[in-house]
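Trainee: Protein sequences, first through last, are from chains H and Z. Numbered per my numbering, the first sequence spans residues 1 to 433. Numbered per my numbering, the second sequence spans residues 1001 to 1196. All C-beta atoms in this analysis are idealised placements derived from N, C-alpha and C, irrespective of residue type, glycine included.
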Amino acid sequence: MPESKRSWSCLLLAVVLLGSATLGVSAQEPTRLEGTIQGQGATQIKIAIPDPKFPPGAEEIGAELLQTLRDDLDYGGYFDLVDPNLYELVPVEGDVVRHEDWLSIGADALLLTRLRFDMGRLDLEAWLYDNTNGTQQLGKRYGGTAELARRVAHKLADELVQHYTGRPGIALTRIAFVSKHGDNKEIYLVDYDGRRLRRLTTTDSLNLSPTWSPNGEELAFVSWRGRQPGVYVMSAEGKLGVLNTVGGEFSSSPGWSPEGRRLAYASDLAGTTEIYVLDRIAAKNRRLTYNPAIDTSPAISPNAREIAFTSDRTGTPQIYVMDFEGVNVRRVSWTGSYNESAVWSPRGDRLAYTSRVEGKFHIVVLDLTSGETQRLTHDVANHENPSWSPDGRHIVYASDATGEYQIYTMRADGTRQVQLTRGPASFTPDWSR
Amino acid sequence: MLRRCTAPSLMLLVVLLLLVPGCKKSQPAQVPAEEDREQATETRVVPPPTDTRAASEEVDSGGFAGDDAGDSGDFREETISVTELHERLGAVYFAYDSYDLSPTSLATLRENAEVLKAYPTFRVAVEGHCDERGTIDYNLALGEKRAASVRDYLASLGVERERVRIITFGEERPVDTGHTEAAWSKNRRAEFLVER
């Protein structure tokens, strides 16, 4: 039995050696991701993350930490995790790191960790190696209480992304949304991976469209807690703040400016729904649209020079872009008879929005440079309210694929759809910056 | 003027106020017949609101305060109950993604306008609703637009805008939670809510 196992392993090793011979070419430039992340099909870092020896009492929490880290890296899309079943092919000899052997199972990079657990405190050390040249790339150490295990994993995952891409990761981001409570809806937060669900409001009224401030400290939202539906703001802990909007009998659709000082929204103060921008510091409002049709769902571009919005001035809701001052209005959506709730990609080169296609609602992305539209969802369900991840590589949205609306994420090309919520019907997700 | 009223006349007024609601309760048919509705309301809305309030203030200060004195303030509006008025204000329905009023809706609103003019002391809220299709955000604006169309038309018929508050609920309050056109057509509506 041991013999046959060994020969099987040898065969496997031979196969992966063959494989790595071709893959090895790209392994010569450790920072190669820089050039490829702009493209569609990215070259991924092939990384192995073996479990460390878990200290007594920390077997479960340690396994969760390591798995969270792997899940984060897998989800982010920059890394290709080497199959853990191959790790046993690399002999362990004390503290010696056998880079050639890791390379032979396809691991260009290797993350080794050491976990200590004492008096309910976790202490994690991590070392990142480039197996192609045997150099240590990174050394990190994190400590915290056991409840912070997932957070520690997210932090380390973001470090790795930052190291290889020079850009911040998204593992510590959160998603705000609303969930049905009878006739009402309350605001909830959940980590981007669907974990740590928590309720933020207990208002017994209708709340919609929570929208993160750029620094992640506040949420603007629409609520019926007053006599009329209006836009409110609260801290991420749920404490209500002050927002000097123009009021009206209805205001909705808050959209933050990139520096967080201004907030675009829609109000019917003038008798028709128009777009306004509030300067929170000056406490001044400015009206931007003057059209008897509906003008709503404003979204300020990442460079704060433009505002995308929806108008039915031609008879159907379509996406328009105007300069921040409200001039130079141009229509940008030209396919379909219902296009709504546009949101800018973090780089400002694309707009994602909800579009009706053959009677169902789908998420589409408009490339503003080429003018081309790409439909991201294709199943028979409805999909609404897209919101970009801060790295622009993912989109969160609501879909009724299970029969009622739930929150999902997908890659910005429409692949890898992941259902985040499973409780009561949930709507209007927004990804923290 | 009123403040100079003599105590006996005030007492008489209070007695009248106490008596009239009592009679009214024995007449369940509070909705006047079509032809004499206007007249009926006019004769019943006595004394005028401001007078009533002034009178009850005087009564309070004059030592006649009691539960009955408080009731006198409601008296002037009791020619029709909120429930009954609500039942007489028909809802109107809309085509998909539209805030145009159909001929049927216009007819309903003309009737509603007559009712509202007959009971000028009541205020109403017009709630604008949508079916579940479309985005939550846009449906809020659409619901507002539907309610605003209703208020605009009522105003053109002589119902003061100040009496009509509008409130949108978008797609948030369906009357029928089904996912068929039959359900959707019931949900695309503007309804009336009576406010005091």
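Return the residue from the list Arg141(H), Thr272(H), Leu351(H) that minimises the CA-CA distance to Asp321(H).
Mentor: Residue numbering aside, residue 321(H) sits at position 321 when the first sequence is read from its first letter. Correcting the residue type first, residue 321(H) is Val in the shown sequence and not Asp. Out of Arg141(H), Thr272(H), Leu351(H), Leu351(H) has the C-alpha closest to the C-alpha of Val321(H).
Trainee: Just the Cα atoms here: how many angstroms apart are Lys46(H) and Thr289(H)?
Mentor: Reading the first sequence from its first residue, position 46 is the one you call residue 46(H). Reading the first sequence from its first residue, position 289 is the one you call residue 289(H). Rounded to the nearest angstrom, the two C-alpha atoms are 51 Å apart.
Trainee: Just to confirm the assignment, what range does the alpha helix (DSSP H) spanning His99(H) have?
Mentor: On the first sequence, position 99 is the one that residue 99(H) refers to. Taken as a continuous stretch (DSSP letters only), the alpha helix (DSSP H) holding His99(H) covers 99-104.
Trainee: So what does Val233(H) bridge to, in DSSP terms?
Mentor: Position 233 of the first sequence, counted from the first residue, corresponds to residue 233(H). DSSP output for Val233(H) lists Ala220(H) as bridge partner(s).
Trainee: Since I believe Pro254(H) is in contact with Ser209(H) (beta carbons under 8 Å), could you give me their beta-carbon distance rounded to a whole number of angstroms?
Mentor: Locating residue 209(H) in the first sequence gives position 209, counting from the first residue. Locating residue 254(H) in the first sequence gives position 254, counting from the first residue. At roughly 7 Å, the Cβ-Cβ gap stays under 8 Å, so Ser209(H) and Pro254(H) are in contact.
Trainee: By the DSSP assignment, the alpha helix (DSSP H) with Val1179(Z) in it spans what residues?
Mentor: For the purposes of this step, residue 1179(Z) is taken as the residue at position 179 of the second sequence. According to the sequence shown, residue 1179(Z) is His rather than Val. Where His1179(Z) is concerned, there is no enclosing alpha helix (DSSP H), given that its DSSP letter is neither H nor E.
Trainee: Enumerate, from N- to C-terminal direction, the unbroken beta strand (DSSP E) stretches of 3 or more residues contained entirely within the region 110-134 of chain H.
Mentor: The region 110-134 of chain H contains these whole beta strand (DSSP E) runs: 121-130.
Trainee: Tell me which residue opens and which closes the alpha helix (DSSP H) that Arg1110(Z) is part of.
Mentor: In the second sequence, counting from the first residue as 1, residue 1110(Z) sits at position 110. Element bounds for Arg1110(Z): 1103-1118.
Trainee: Using a Cβ-Cβ distance cut-off of 8 Å, determine whether Thr1177(Z) contacts chain H.
Mentor: Counted from its first residue, the second sequence places residue 1177(Z) at position 177. Output row for Thr1177(Z): interface = no.
Trainee: Roughly how many angstroms separate the alpha carbons of Val97(H) and Gly241(H), rounded to a whole number?
Mentor: Numbered from its first residue, the first sequence carries residue 97(H) at position 97. Numbered from its first residue, the first sequence carries residue 241(H) at position 241. Looking at the two C-alpha atoms, the distance is approximately 54 Å.
Trainee: Determine the closest residue to Tyr265(H) out of Ala146(H), Gly315(H), Ile275(H), with distance taken between C-alpha atoms.
Mentor: Within the first sequence, numbered from 1, the residue matching residue 265(H) stands at position 265. Among Ala146(H), Gly315(H), Ile275(H), the Cα nearest to that of Tyr265(H) is on Ile275(H).
Trainee: Determine the chain Z residues that contact Ser252(H) at a beta-carbon separation under 8 Å, and present them in chain order.
Mentor: As a first step, residue 252(H) must be located in the first sequence, where it is residue number 252. Under the 8 Å cutoff, chain Z gives Asp1137, Leu1140, Ala1141.
Trainee: Does DSSP put Pro55(H) in a helix, in a strand, or in coil?
Mentor: Numbered from 1 along the first sequence, position 55 holds the residue referred to as residue 55(H). It is coil, neither helix nor strand.
Trainee: Kindly indicate the opening and closing residues of the beta strand (DSSP E) around Gly1143(Z).
Mentor: Counting from one through the second sequence, the residue named residue 1143(Z) turns up at place 143. First-last for Gly1143(Z): 1136-1156, but that is the alpha helix (DSSP H), not the beta strand (DSSP E).
Trainee: Apart from the five residues on each side of it in sequence, which residues of its chain come closer than 6 Å, Cβ to Cβ, to Asn382(H)?
Mentor: By 1-based counting over the first sequence, the position of residue 382(H) is 382. Here the set comprises Lys360, Phe361, Asp400.
Trainee: What does the alpha-carbon distance come out to for the pair Arg280(H) and Lys239(H)?
Mentor: Within the first sequence, numbered from 1, the residue matching residue 280(H) stands at position 280. Within the first sequence, numbered from 1, the residue matching residue 239(H) stands at position 239. C-alpha separation (whole angstroms): 17 Å.
Trainee: Would you say Gln374(H) lies against chain Z (beta-carbon separation less than 8 Å)?
Mentor: Your numbering for residue 374(H) matches position 374 in the first sequence. Closer than 8 Å: no.
Trainee: Within 10 angstroms of its Cβ, does Tyr164(H) collect 16 or more other Cβ (buried), or is it exposed?
Mentor: In the first sequence, the residue the question calls residue 164(H) occupies position 164. Classification of Tyr164(H): buried, given that the 10 Å Cβ count is 16 or more.
Trainee: Please confirm if Ser389(H) has its CB atom under 8 Å from at least one CB of chain Z.
Mentor: Reading the first sequence from its first residue, position 389 is the one you call residue 389(H). Taking Cβ atoms only, chain Z never reaches closer than 8 Å to Ser389(H), which makes this a no.
Trainee: Output the distance between the C-alpha atoms of Asn303(H) and Arg1123(Z), rounded to the nearest integer angstrom.
Mentor: Taking the first sequence and counting its residues from 1, the one referred to as residue 303(H) is at position 303. Taking the second sequence and counting its residues from 1, the one referred to as residue 1123(Z) is at position 123. Whole-angstrom Cα-Cα distance: 47 Å.
Trainee: With distances taken between CB atoms, is the gap from Leu1140(Z) to Asn1112(Z) smaller than 8 Å?
Mentor: The sequence position of residue 1140(Z) within the second sequence is 140, counting from 1. The sequence position of residue 1112(Z) within the second sequence is 112, counting from 1. No, these two residues do not count as a Cβ contact at 8 Å.
Trainee: Considering only residues of the same chain and omitting the five flanking positions on each side of Val1115(Z), which have a CB-CB separation below 8 Å?
Mentor: Here residue 1115(Z) refers to the residue found at position 115 of the second sequence. Cβ within range, chain order: Leu1085, Arg1088, Leu1089.
Trainee: At what residues does the alpha helix (DSSP H) containing Glu1087(Z) begin and finish?
Mentor: Taking the second sequence and counting its residues from 1, the one referred to as residue 1087(Z) is at position 87. Per DSSP, Glu1087(Z) belongs to the alpha helix (DSSP H) from 1082-1088.
Trainee: Taking the continuous beta strand (DSSP E) assigned at Asp158(H), which residues delimit it?
Mentor: In the first sequence, counting from the first residue as 1, residue 158(H) sits at position 158. Run containing Asp158(H): none in the beta strand (DSSP E); it sits in the alpha helix (DSSP H), 149-165.
Trainee: Answer with buried or exposed for Asp391(H), where buried requires no fewer than 16 other C-beta atoms within 10 angstroms of its C-beta.
Mentor: Locating residue 391(H) in the first sequence gives position 391, counting from the first residue. It counts as buried.
Trainee: Please confirm if the region 110-120 of chain H is in contact with the region 49-60 of chain H, defined as three or more CB-CB distances below 8 Å between the two stretches.
Mentor: Yes, the region 110-120 of chain H is in contact with the region 49-60 of chain H.
Trainee: Applying the 10 Å Cβ sphere with the 16-neighbour rule, what's the burial state of His1129(Z)?
Mentor: For the purposes of this step, residue 1129(Z) is identified with residue 129 of the second sequence, where counting begins at 1. Classification for His1129(Z): buried.
Trainee: Give the interface partners of Ala266(H) over in chain Z, defined as CB-CB distance under 7 Å, in chain order.
Mentor: For this step, residue 266(H) is matched to residue 266 along the first sequence. Per Cβ cutoff of 7 Å: Ala1141.
Trainee: Mapping DSSP to helix, strand and coil, what is Gly1022(Z)?
Mentor: Reading the second sequence from its first residue, position 22 is the one you call residue 1022(Z). Reliability fails at Gly1022(Z), whose pLDDT of 38 lies under 50, so the model's placement of it is uncertain and the value that follows must be treated cautiously. In the structure shown, Gly1022(Z) sits in a helix (DSSP, three-state: H, G or I).
Trainee: Determine which residues share a DSSP beta bridge with Val396(H) and list them.
Mentor: Here the question's residue 396(H) lines up with position 396 in the first sequence. Looking at the DSSP assignment, Val396(H) forms a beta bridge with Ser387(H), Thr409(H).
Trainee: Between which two residues does the beta strand (DSSP E) containing Trp212(H) stretch?
Mentor: Indexing the first sequence from 1 puts residue 212(H) at position 212. It spans 207-212 - the beta strand (DSSP E) in which Trp212(H) sits, taken as one unbroken run.
Trainee: Say whether the region 185-194 of chain H touches the region 409-422 of chain H, bearing in mind that this needs 3 or more beta-carbon pairs closer than 8 Å, one atom from each stretch.
Mentor: Yes: at least three Cβ pairs fall under 8 Å.
Trainee: Strictly under 8 Å for the Cβ-Cβ distance: is Glu249(H) near chain Z by that measure?
Mentor: Within the first sequence, residue 249(H) is the residue found at index 249, counting from 1. At least one chain Z Cβ lies under 8 Å of Glu249(H).
Trainee: Buried or exposed, going by whether 16 or more other CB atoms sit within 10 Å of the CB of His1179(Z)?
Mentor: What you label residue 1179(Z) is simply residue 179 of the second sequence in a count that begins at 1. It is exposed - the Cβ of His1179(Z) has fewer than 16 other Cβ atoms within 10 Å.
Trainee: Take the Cβ of Ala126(H) as the centre, count every other Cβ of all protein chains shown within 10 Å, and call the residue buried at 16 or more, exposed below.
Mentor: As a working mapping, residue 126(H) is identified with position 126 in the first sequence. It is buried - the Cβ of Ala126(H) has at least 16 other Cβ atoms within 10 Å.
Trainee: With a threshold of 8 Å, are at least 3 pairs of Cβ atoms found where one atom belongs to the region 303-315 of chain H and the other to the region 212-229 of chain H?
Mentor: Cβ pair count under 8 Å is below three, so no.
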